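Here this note's numbering is used: position 33 in the sequence shown is 33, and no number is missing along the way.
To start, the structure under review is shown below, and the notes come after it.
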Amino acid sequence: MNDYFKDYHPIINFTYFVIVIGFSMFLMHPIYMLISLSACCIYSVYLKGIHALKFNVLYMLPTLFIVSIINPMFNHQGATILFYLPSGNPFTLESVLYGIATGVMLITVIIWFSCYNIIMSSDKITYIFGKITPKLSLIFMMVLRFVPLYKERITKIINAQSNLECVNSNPSFKQKIQNSTKILSIMTSWSLENAIETADSMKARGYGLSGRTAFSNYKITIRDKFIGIYFFVSTFFLIFHSFNNNIKVSYFPVMTYSYGNFIDFLNYGLFTILCFTPIIINITEEIKWKFLISKI
1 MNDYFKDYHP IINFTYFVIV IGFSMFLMHP IYMLISLSAC CIYSVYLKGI
51 HALKFNVLYM LPTLFIVSII NPMFNHQGAT ILFYLPSGNP FTLESVLYGI
101 ATGVMLITVI IWFSCYNIIM SSDKITYIFG KITPKLSLIF MMVLRFVPLY
151 KERITKIINA QSNLECVNSN PSFKQKIQNS TKILSIMTSW SLENAIETAD
201 SMKARGYGLS GRTAFSNYKI TIRDKFIGIY FFVSTFFLIF HSFNNNIKVS
251 YFPVMTYSYG NFIDFLNYGL FTILCFTPII INITEEIKWK FLISKI
């Protein structure tokens, strides 16, 4: 499906993910965690479809289960003892709840980063950090490029070597070492040759000369300013209320958290709109597009 949030300014995209990932890491309040988890799961499925659903079910659910079980094995705090372990240490309900919260926080951040990798292309990252740290941005871009490139080249080398008549179908351990060494040598030579070509190309294009300018096709529009203002206001309110202990949560010795007053519901609304911003934008644009099509 077409993602309209990707068309927003790179700074807006980057700011959004910094905010939601930051809150997902530091807000251990169960309601906020549920909102963030719901938003990232829905958005990942919207972006990647069935692949995201498989990833969330096959990998994230087991991760949540493992973290939830491991935490009570080592953390024995809590007032509600469920049973005693063979070591004699108590297995408490509060430690289980804290383990679940930790697991939810972990998988939420992972899923948000999977969405980040789709929205934040290499061009956007270069645009954001190119003027601040151009050398670091260049290194980062080259790493992003060379990792899949080297993986593809290694696959080509292995396929070429496997088609040679001299390669045994059932090699011994010594032959495996020799073949791996040969593949590594070929890959190293190929990489060094490519590095020389890249350096010559960069020099020919004037890299490193003073007075060079950078072309950018991104412009901040009114909608970017509007979304940016909302990000700033909602983040300010959430941080302010967090520092004023309006977002209270405690897991030990018993689990307690605030959830019933007006400030709580205001924060829930702000955080929900914040996390679901891409989904809201996509739904709004789809409705607008279908309405315009119906008028033709």
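For glycine and all other residues, C-beta sits at the position ideal for the given N, C-alpha and C.
Note that the structure is predicted; figures quoted are calculated from it, not measured.
If you draw a straight line from the alpha carbon of residue 184 to that of residue 156, how long is it in whole angstroms? 12 Å
Return the first residue and the last residue of the alpha helix (DSSP H) that residue 276 is part of. No alpha helix (DSSP H) contains residue 276, which DSSP labels as neither H nor E.
If you pair each beta-carbon of the region 97 to 110 with each one of the region 59 to 69, do three or more pairs fall below 8 Å? yes
Cβ atoms of residue 109 and residue 24: under 7 Å apart, would you say? yes
Range of the contiguous beta strand (DSSP E) that encloses residue 90: 90 to 92
Per DSSP, what kind of secondary structure is residue 82 in: helix, strand or coil? strand
So, at 6 Å on beta carbons, what are the nonlocal neighbours of residue 235 in its own chain, with the 5 sequence-adjacent residues on each side left out? 19
In three-state DSSP terms, what is residue 95? helix
Secondary structure of residue 256, DSSP reduced to three states: strand
Taking DSSP's pairing of strands, which residues face residue 250 in a bridge? 256
May I have the straight-line CA-CA distance separating residue 47 from residue 173, to the nearest angstrom? 44 Å
Local Cβ density within 10 Å of residue 188, reported as buried at 16 or more and exposed below that: exposed
Rounded distance between the beta-carbons of residue 130 and residue 253, thought under 8 Å: With 8 Å as the limit, residue 253 and residue 130 do not qualify as a contact, their Cβ atoms being about 51 Å apart.
Using the Cα positions of residue 201 and residue 142, report the straight-line distance between them to the nearest angstrom. 14 Å
Residue 180: first and last residue of the uninterrupted alpha helix (DSSP H) it sits in: 173 to 204
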